[in-house]
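Colleague: Using the numbering used here, you'd call the opening residue of the sequence shown number 302 and step up by one each time.
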Amino acid sequence: MPYLELHDSNIAYKLKRSRKAKTITLKVNIRGDIELVAPSCTSIKIIEMFIRTNQNWIIKQLEHFKKISKAIPQHQYKTGELFSYLGKPYELVVNEVKIKQIHLEQQGNNFLITLPLDLSTNDKSKNIKNLLEKWYRNRAREVIIKRLDYYNKYYKLSYNKIFIKNQKTRWGSCSTLKNLNFNWRIIMAPLPIVDYIVVHELCHIKEQNHSTAFWSLVEQQIPDYKKRKAWLKNNGMTLVI
Ligand SMILES: [Zn+2]
Numbered sequence: 302m303p304y305l306e307l308h309d310s311n312i313a314y315k316l317k318r319s320r321k322a323k324t325i326t327l328k329v330n331i332r333g334d335i336e337l338v339a340p341s342c343t344s345i346k347i348i349e350m351f352i353r354t355n356q357n358w359i360i361k362q363l364e365h366f367k368k369i370s371k372a373i374p375q376h377q378y379k380t381g382e383l384f385s386y387l388g389k390p391y392e393l394v395v396n397e398v399k400i401k402q403i404h405l406e407q408q409g410n411n412f413l414i415t416l417p418l419d420l421s422t423n424d425k426s427k428n429i430k431n432l433l434e435k436w437y438r439n440r441a442r443e444v445i446i447k448r449l450d451y452y453n454k455y456y457k458l459s460y461n462k463i464f465i466k467n468q469k470t471r472w473g474s475c476s477t478l479k480n481l482n483f484n485w486r487i488i489m490a491p492l493p494i495v496d497y498i499v500v501h502e503l504c505h506i507k508e509q510n511h512s513t514a515f516w517s518l519v520e521q522q523i524p525d526y527k528k529r530k531a532w533l534k535n536n537g538m539t540l541v542i
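Here you go:
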């Protein structure tokens, strides 16, 4: 991997040459990788100059992603760890007792987990994670249906089915069959954010694109939708279990 000295430190970057590329493009991802795509004939001198010209942006991006990755919970599924539900923290309490079934119960601000005694550490984490996901999926279904009903009293649109999905890169979508799909992870976000996603997908029943007409439809019920959209962009990555 080539590297360049920037701000007294050696910064490594990935360089890909492409016959299709017309200009140099630069990307920094959450892992802190710097990736450059350059037209095949670009000299190293030009590439290095390009990096130096953009060094302030690169450093800003690296710092930004460092902050985000610190905010992403790294759970080991042990007592005392915090999990978010509708924007509020819930503390995990794990009890190992003589039972066969694994069980989750929400009590006040706690998620009480009951586990059989003889599970390996790996099995324990896997079971707790699955149980939490199931719990979140059920809550997501309940809350999303309620909020859809609430907002559709105003919009009066007709949709088909609601699906709670495990999507890696999307918060929701609206299919051509007028089905509404939602990522279960949105239930970890505060309710105003859930509402924004619900209204966003609901409005796609009428406006399939992201046109001005679409956004003004969203705005009728979510006047500060830009703020909520920005929250999701900045915090969405922390919505993990
Ligand atoms: Zn959309």
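Even for Gly, the Cβ is constructed at its ideal location relative to N, Cα and C.
If distances are taken between C-alpha atoms only, which option among Q407, N396, T380 and K425 comes closest to K389?
Modeller: Q407
Colleague: Give me, in chain order, the residues of the same chain whose beta-carbon lies closer than 6 Å to that of E382; leave out the 5 immediate sequence neighbours on both sides.
Modeller: H376 and L393
Colleague: Roughly how far, in whole angstroms, is the beta-carbon of L488 from the beta-carbon of Y391, given that I think they are within contact range, below 8 Å?
Modeller: Sequence inspection shows Ile at residue 488; the Leu mentioned does not correspond to that position. About 12 Å separates the two Cβ atoms, so there is no contact after all.
Colleague: Looking at C-alpha atoms only, which residue of R440, H511, G409 and N461 is the closest neighbour of L478?
Modeller: N461
Colleague: Who does S517 pair with in a DSSP beta bridge?
Modeller: S517 is not bridged to any residue.
Colleague: With DSSP as the reference, label R320 as helix, strand or coil.
Modeller: It is coil, neither helix nor strand.
Colleague: Mind checking H501: buried by the 16 CB within 10 Å criterion, or exposed?
Modeller: buried
Colleague: State the Cα-Cα distance for the pair L533 and K399, rounded to the nearest angstrom.
Modeller: Distance between the alpha carbons of L533 and K399: 42 Å.
Colleague: Mind checking who I345 pairs with in its DSSP beta bridge?
Modeller: Its beta-bridge partners do not exist; DSSP assigns none.
Colleague: Should H404 be counted as a contact of ligand 1 given a C-beta to heavy atom distance under 8 Å?
Modeller: no
Colleague: Rounded to a whole number of angstroms, what is the C-alpha to C-alpha distance between K427 and E434?
Modeller: Answer to the nearest angstrom: the Cα atoms are 11 Å apart.
Colleague: Helix, strand or coil for N482, going by three-state DSSP, please let me know.
Modeller: strand
Colleague: Going by Cα to Cα distance, which pick from I445, T380, K528 and L420 is closest to N410?
Modeller: That would be T380, whose Cα lies nearest to the Cα of N410.
Colleague: With 16 other CB atoms within 10 Å as the buried threshold, where does A441 fall?
Modeller: Counting Cβ neighbours within 10 Å, A441 comes out buried, since at least 16 surround it.
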